[in-house]
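*Asks:*
2 protein chains.
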Amino acid sequence: MYHNVYFCGMENVCKICPFSSKTATPLNECDFEQLSENHVVVKFAKGDAIIKQGTYSTNVAFLRMGLVKIHLKGPSHEQIVRLVKAPAYLGLPTTFGDKINQYSVTSVTNAEVCYIDITTFRDLLKNNDLFSYEIILDLCRNELESFHRCSNRTQKQARGNLADVLLELSDRIFESEKFMLPLSQSELGNLIDTSRESISRMLSEFNGDGIIRVNGKEIEILNKKSLIVISQNG
Amino acid sequence: MYHNVYFCGMENVCKICPFSSKTATPLNECDFEQLSENHVVVKFAKGDAIIKQGTYSTNVAFLRMGLVKIHLKGPSHEQIVRLVKAPAYLGLPTTFGDKINQYSVTSVTNAEVCYIDITTFRDLLKNNDLFSYEIILDLCRNELESFHRCSNRTQKQARGNLADVLLELSDRIFESEKFMLPLSQSELGNLIDTSRESISRMLSEFNGDGIIRVNGKEIEILNKKSLIVISQNG
DNA sequence: AATGTTTTGTGACATGTATCACAATGTGTA
DNA sequence: TACACATTGTGATACATGTCACAAAACATT
Chain A
10 MYHNVYFCGM ENVCKICPFS SKTATPLNEC DFEQLSENHV VVKFAKGDAI
60 IKQGTYSTNV AFLRMGLVKI HLKGPSHEQI VRLVKAPAYL GLPTTFGDKI
110 NQYSVTSVTN AEVCYIDITT FRDLLKNNDL FSYEIILDLC RNELESFHRC
160 SNRTQKQARG NLADVLLELS DRIFESEKFM LPLSQSELGN LIDTSRESIS
210 RMLSEFNGDG IIRVNGKEIE ILNKKSLIVI SQNG
Chain B
10 MYHNVYFCGM ENVCKICPFS SKTATPLNEC DFEQLSENHV VVKFAKGDAI
60 IKQGTYSTNV AFLRMGLVKI HLKGPSHEQI VRLVKAPAYL GLPTTFGDKI
110 NQYSVTSVTN AEVCYIDITT FRDLLKNNDL FSYEIILDLC RNELESFHRC
160 SNRTQKQARG NLADVLLELS DRIFESEKFM LPLSQSELGN LIDTSRESIS
210 RMLSEFNGDG IIRVNGKEIE ILNKKSLIVI SQNG
């Protein structure tokens, strides 16, 4: 675990803007200056805790690089609620809520997080309509995603959910048919609400059926269509 | 099903403000005038569809009175993702997203909804920092709630989830130990991801154990402590 | 290389709950 | 009042998946 903290110069601040790649928010001169003076970048190694449930937080965290998992203590075990890929803001509910982190965020790959002073962030929201609008857009997208995820997870059975995750990793996270599993099998279990053993059995099954090829942590999707079918059959 | 549409005069507009009862947003004179000219109130009877998944929407809906359910088509059946009590905005993700409603909203009691023209609403956001801030706060709260709900629903078994819902109805929705179930048993099943039959059996069980008293749709909570224990045991 | 620790594979078994079936009861409507 | 239709109660059965147990493999550390 290493923390490499450094202050950003102007040349790095721009990395904050493309928060939503589709509709990047232009910041004006003044905004730039404010930001460059009030934020700090921290590097995290794979597995490091970026945000810890229950702790106090006074900064806004912007994930500028890497992949992280959002997880929280459930009634019976730790639950991973989603994977988040840079660029994205982390822990906004804490920023606008009671300042106590309601969930943990842990890096799944090496990651870089940019911390912005909370008052600077709020001023930015106040003075930059487009910026607030972006934040609202993002929160709305998350809400929809939560709804869909919730209805999927609870209605499908384990095979379907695992197929979903494999497709998500391939399509959205790594954008490749072949990738290294960023999570252990028990983490995958926590993500789709099933046991470690079931994950192991299902991966073997998919492998045996020629749908994927498993080689250690390396996964190659051989038959995407089958995966989609599995993911759709309840 | 009856629709009683009427335009609001100034005296009604104020009902829009207490969107978050804790931190009501003060609107200035100008805002008031804009709003009173650009919104319409519609009454819905119990069971009416307020928003229908898949339809196009150009208005912001503000639930000023009543109780509604948010539900969407899941892979195997309709799923109720949450109950929402007035006052609250409905369908914000649609407002800020692609204008196609991603979920349905149906009234569970009689309800009154105030429709605000979308551009008026956006202008309001632009010109009123506090207002945008309220919206962001609300969305953040929803995100947290979604996370917790998701981890509860998937980790607890049916008894625990039913206990949860009964407690929520008593504490948050009706604020009374005794209330009429606003949903049928199959709707309750869709809410906590279990079958209609299981709901029936569990209600009988709770009734037999003296934890609640069931009389038709009327429920009285006799032993809240037991319900809490049940809700916490996975 | 040797050793301890974490992760993975797989069998046997227990169990919560979905599903089917059908009766009973409640509710709205002509 | 009567009839159709939706809701609820309850038994019998099936099955997906959690849990336990233990071996094999992978990985890290000295």
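For the protein sequence lines, the chains are A and B, in the order given. Plus 9 on top of the position in the first sequence (first one is 1) and you've got the working numbering. Plus 9 on top of the position in the second sequence (first one is 1) and you've got the working numbering. Note that beta-carbon positions come from the ideal geometry of N, C-alpha and C, so glycine has one too. Values in this document were obtained by computation on a predicted structure and should not be read as measured data.
If the cut is a Cβ gap below 8 Å, which residues of chain B does D302 (chain A) touch?
*Replies:* Chain A is shown only over 10 to 243; residue 302 (chain A) falls outside these bounds and no answer can be derived.
*Asks:* Assuming A120 (chain A) and G100 (chain A) make a contact with CB atoms under 8 Å, what is their CB distance in whole Å?
*Replies:* For the purposes of this step, residue 120 (chain A) is taken as the residue at position 111 of the first sequence. For the purposes of this step, residue 100 (chain A) is taken as the residue at position 91 of the first sequence. 14 Å between Cβ atoms; not a contact.
*Asks:* Expressed to the nearest angstrom, what Euclidean distance is found between the alpha-carbon atoms of G225 (chain B) and F215 (chain B)?
*Replies:* In the second sequence, residue 225 (chain B) corresponds to position 216, counting from 1. In the second sequence, residue 215 (chain B) corresponds to position 206, counting from 1. If you take the alpha carbons of G225 (chain B) and F215 (chain B), they lie about 14 Å apart.
*Asks:* Output, in chain order, the set of chain B residues within a Cβ distance shorter than 9 Å of K135 (chain A).
*Replies:* Residue numbering aside, residue 135 (chain A) sits at position 126 when the first sequence is read from its first letter. Correct list: D138, S141, Y142.
*Asks:* Evaluate N151 (chain A) with the Cβ neighbour count: other Cβ atoms within 10 Å of its Cβ, from every protein chain shown; 16 or more gives buried, anything less gives exposed.
*Replies:* One-based indexing of the first sequence puts residue 151 (chain A) at position 142. N151 (chain A) comes out buried.
*Asks:* Assign V238 (chain A) to one of two classes, buried (16 or more other C-beta atoms within 10 Å of its C-beta) or exposed (fewer than that).
*Replies:* As a working note, residue 238 (chain A) is residue 229 in the first sequence. Exposed, by the Cβ-count rule.
*Asks:* Would you verify that the beta carbon of Q83 (chain B) is, or is not, closer than 8 Å to some beta carbon of chain A?
*Replies:* Taking the second sequence and counting its residues from 1, the one referred to as residue 83 (chain B) is at position 74. Residue identity check: residue 83 (chain B) is Gly in the sequence provided, not Gln. At least one chain A Cβ lies under 8 Å of G83 (chain B).
*Asks:* Measure how close the beta-carbons of N110 (chain A) and Q166 (chain A) come, nearest whole angstrom, since I'm counting them as under 8 Å.
*Replies:* Position 101 of the first sequence, counted from the first residue, corresponds to residue 110 (chain A). Position 157 of the first sequence, counted from the first residue, corresponds to residue 166 (chain A). So it is not a contact: roughly 32 Å between Cβ atoms.
*Asks:* Label G18 (chain A) either buried or exposed according to how many other C-beta atoms from any shown protein chain fall within 10 Å of its C-beta, with 16 as the threshold for buried.
*Replies:* Looking up residue 18 (chain A) in the first sequence gives position 9. Its pLDDT being 39, under 50, G18 (chain A) is placed unreliably by the model, and the measurement read from it follows with that caveat. Its Cβ having fewer than 16 others within 10 Å, G18 (chain A) is exposed.
*Asks:* Is there at least one Cβ from chain A nearer than 8 Å to L148 (chain B)'s Cβ?
*Replies:* Position 139 of the second sequence holds residue 148 (chain B). Interface residue, yes.
*Asks:* With DSSP as the reference, label T32 (chain B) as helix, strand or coil.
*Replies:* Counted from its first residue, the second sequence places residue 32 (chain B) at position 23. No answer about T32 (chain B) holds up, because its pLDDT of 39 lies below 50 and its placement is not dependable.
*Asks:* Relative to chain B, which residues along the stretch 90-108 of chain A have a C-beta separation below 9 Å, given in chain order?
*Replies:* Flagged, chain order: V90, R91, L101, P102, T103, T104, F105, G106.
*Asks:* For L153 (chain A) and chain B, any beta-carbon pair shorter than 8 Å?
*Replies:* As a working note, residue 153 (chain A) is residue 144 in the first sequence. For L153 (chain A), the answer is yes, since a Cβ of chain B falls inside 8 Å of its Cβ.
*Asks:* Is the separation between the beta-carbon of L236 (chain B) and that of L146 (chain B) shorter than 8 Å?
*Replies:* Here residue 236 (chain B) is taken as the residue at index 227 of the second sequence, counted from 1. Here residue 146 (chain B) is taken as the residue at index 137 of the second sequence, counted from 1. Cβ atoms of L236 (chain B) and L146 (chain B): not closer than 8 Å.
*Asks:* Give the DSSP-derived three-state secondary structure of S62 (chain B) in the structure shown.
*Replies:* As a working mapping, residue 62 (chain B) is identified with position 53 in the second sequence. The sequence given here has Gln at residue 62 (chain B), not Ser. Correct three-state label for Q62 (chain B): coil.
*Asks:* Going by C-alpha to C-alpha distance, which of A:E87, A:G83, A:G75, A:K82 sits closest to V93 (chain A)?
*Replies:* As a working mapping, residue 93 (chain A) is identified with position 84 in the first sequence. Among A:E87, A:G83, A:G75, A:K82, the Cα nearest to that of V93 (chain A) belongs to A:G75.
*Asks:* Around the C-beta of K257 (chain A), are 16 or more other C-beta atoms found within 10 angstroms, so that it is buried, or is it exposed?
*Replies:* For residue 257 (chain A) there is no data in the structure shown, the boundaries of chain A being 10 and 243.
*Asks:* If we call anything under 8 Å between Cβ atoms a contact, is L148 (chain A) one with L148 (chain B)?
*Replies:* Translated into the one-based positions of the first sequence, residue 148 (chain A) becomes position 139. Translated into the one-based positions of the second sequence, residue 148 (chain B) becomes position 139. Yes. Within cutoff.
*Asks:* Could you give the DSSP three-state label for S193 (chain B): helix, strand or coil?
*Replies:* The residue you call residue 193 (chain B) lines up with position 184 of the second sequence. Correct three-state label for S193 (chain B): coil.
*Asks:* Can you list, in chain order, the residues of its chain with a C-beta nearer than 7 Å to that of L212 (chain B)? Leave out the 5 residues immediately preceding and following it.
*Replies:* The count along the second sequence starts at 1 and reaches residue 212 (chain B) at position 203. V223, listed in sequence order.
*Asks:* Just the Cα atoms here: how many angstroms apart are H48 (chain A) and R73 (chain A)?
*Replies:* To locate residue 48 (chain A), count along the first sequence from 1; it is residue 39. To locate residue 73 (chain A), count along the first sequence from 1; it is residue 64. Rounded to the nearest angstrom, the two C-alpha atoms are 13 Å apart.
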